[in-house]
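Chemist:
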Amino acid sequence: MFCPKCGSDNADNFKFCRVCGAPLAAKAEDGKAVSGEPEMKKPEEAAALPKAETKKPEAETPAEKPQYTAQPGFGGSAKAEGTVTVQERVAKVVRSPLSLIATLLLTAVIAFGIIYSILVLGDISFYLPESVSETFTDLSVASFIGGLIASIPVILICIGMWLLYASALRHKPGEIKTTGLTIIKVLVIIAFVLELIACAVGVIAMIGISTGSAEILNHMPEFRDVNVSGLVGVAGIIGLIFIAAAIVLGILFYIKLIGTLNWTGAMLRNEESRRGPSLYVAVIIFIEAFCALLGTVSAAGLTSVLAAIGLPPEVEEAAEAILPMLSGVAILALIETVFLVLCGVLILKLRKAKEA
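Residue 1355 in our numbering sits at position 197 of the sequence shown, and the numbers go up by one each step.
1) In the DSSP assignment, the alpha helix (DSSP H) including residue 1159 goes from what residue to what residue?
2) Taking C-alpha atoms, which residue in 1258, 1263, 1172 and 1171 lies nearest to residue 1492?
3) Run the CB neighbour count on residue 1494, radius 10 Å, all protein chains shown included, and call it buried at 16 or more, exposed below.
4) Enumerate in chain order the residues of its own chain whose CB-to-CB distance from residue 1443 is below 6 Å, with the five nearest sequence positions on each side excluded.
5) Residue 1356 and residue 1311 - do their beta-carbons sit closer together than 8 Å?
6) With a threshold of 16 other CB atoms inside 10 Å of the CB of residue 1165, please say whether the residue is buried or exposed.
7) I'd like the span of the alpha helix (DSSP H) that includes residue 1326, first residue to last.
8) List the whole-angstrom C-beta distance separating residue 1174 from residue 1159, where the pair is believed to meet the contact cut-off of C-beta under 8 Å.
9) Between 1489, 1245 and 1363, which has its C-alpha nearest residue 1427's C-alpha?
10) Within its chain, find whatever has a CB closer than 8 Å to the CB of residue 1424; leave out the 5 residues flanking it on each side and keep chain order.
11) Measuring straight from C-alpha to C-alpha, what distance separates residue 1452 and residue 1268?
12) How close, in whole Å, do the beta carbons of residue 1392 and residue 1368 come, if the pair is a contact with beta carbons under 8 Å?
13) Tell me which residues share the same chain as residue 1416 and place their Cβ nearer than 8 Å to its Cβ, disregarding the 5 neighbours each side in the sequence.
14) Quick check on the burial criterion: 16 or more other C-beta atoms within 10 angstroms. Buried or exposed for residue 1316?
15) CB residue 1401 to CB residue 1370, shorter than 8 Å?
16) Run through DSSP, which three-state label would residue 1435 get?
17) On the DSSP bridge assignment, give the partners of residue 1174 in chain order.
18) Are there 16 or more other CB atoms within 10 angstroms of the CB of residue 1255, so buried, or fewer, so exposed?
19) What does the Cβ neighbour count give for residue 1448, buried or exposed, with the cut at 16 atoms within 10 Å?
20) For residue 1439, tell me which candidate among 1307, 1407 and 1337 has the shortest Cα-Cα distance.
21) How would you write the range of the alpha helix (DSSP H) that residue 1246 sits in, first residue to last?
22) According to the neighbour-count rule (16 or more other Cβ atoms, all chains shown, within 10 Å of its Cβ), is residue 1435 buried or exposed?
23) Of all the options 1352, 1265 and 1161, which has the alpha carbon lying nearest to the alpha carbon of residue 1409?
24) On the criterion of 16 or more Cβ atoms from any shown chain inside 10 Å, does residue 1178 qualify as buried, or is it exposed?
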């Protein structure tokens, strides 16, 4: 074995060179030198060796994320799957049993009013003297026809409510037809215009009455020493203030009601709308329901009073027809009260659907 450092010849069993002391490579069984350092391979031998396979680190599996679906009508904004949209909540309110009951009550008000008016006209004309009965019948028939014509807007509103409920019951938001809601909105706008005209006529009539009253009182001896014009003017101003307040509140009610109808229609069509149901509308409707309840109590109380007191014989027969009429008015006012309360509750539910 030759020393790799100085080249001296050494025995095969030497571990160090006998001349320079450098460590000698040990001899393996196959005769090749083995040293503590790894044996260097020739380039061609290294290329022929199989390459070790290297495993790429597995990518971490991300946690499952909730699936999202686009919400139509809002620019593709996403919502988590399983959540309920505002449009779906509004459609649920429109097709709810509460909405059905309100529609049935309005139908009952119309049907009951028409049928009962016919029955009452027949009863009253039966108890009147023959000379008066014919004239009364003619006037009553004319009044009935006029009342029926005046009820056309309410009948159309009832038809609109049925159309809206039926469409919401069969379809989902985006497919619900809002024809019934459009009918209601058009009738509300017409009522709004008519109320404005009526208010304008009322203001003009009040000014005319105030002026005429001042002229009449000035010519009466009892008021010669009184400033009649001043008193009438003050009373007129107070009256105009109340009328103006009522006009402003009425205008605000119709504007808010139309806005509520527009928002509801947009939600049912699956469209975007930043407005919402008005709490003011619900409050006004509850006030109207309270007034209808007062009418119910008044009619029922008057019926009880007339039934309790003794009536003269000459009017007793006529009273037998008047008492059922008052009872019918009380029933009609009660149904209207419940209908208005349900309408107010429905608006509150629409507000809750928007804010939920």
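We put the beta carbon where it would ideally sit given N, CA and C, even for glycine.
Modeler: Per the coordinate set shown:
1) Segment: none, residue 1159 is in no alpha helix (DSSP H) and carries neither H nor E.
2) 1263
3) buried
4) 1498, 1501 and 1502
5) no
6) exposed
7) 1310–1328
8) 11 Å between Cβ atoms; not a contact.
9) 1245
10) 1430 and 1431
11) 20 Å
12) Not a contact, Cβ separation roughly 10 Å.
13) 1343, 1346, 1347 and 1350
14) buried
15) no
16) coil
17) 1181
18) exposed
19) exposed
20) 1407
21) 1244–1252
22) buried
23) 1352
24) exposed
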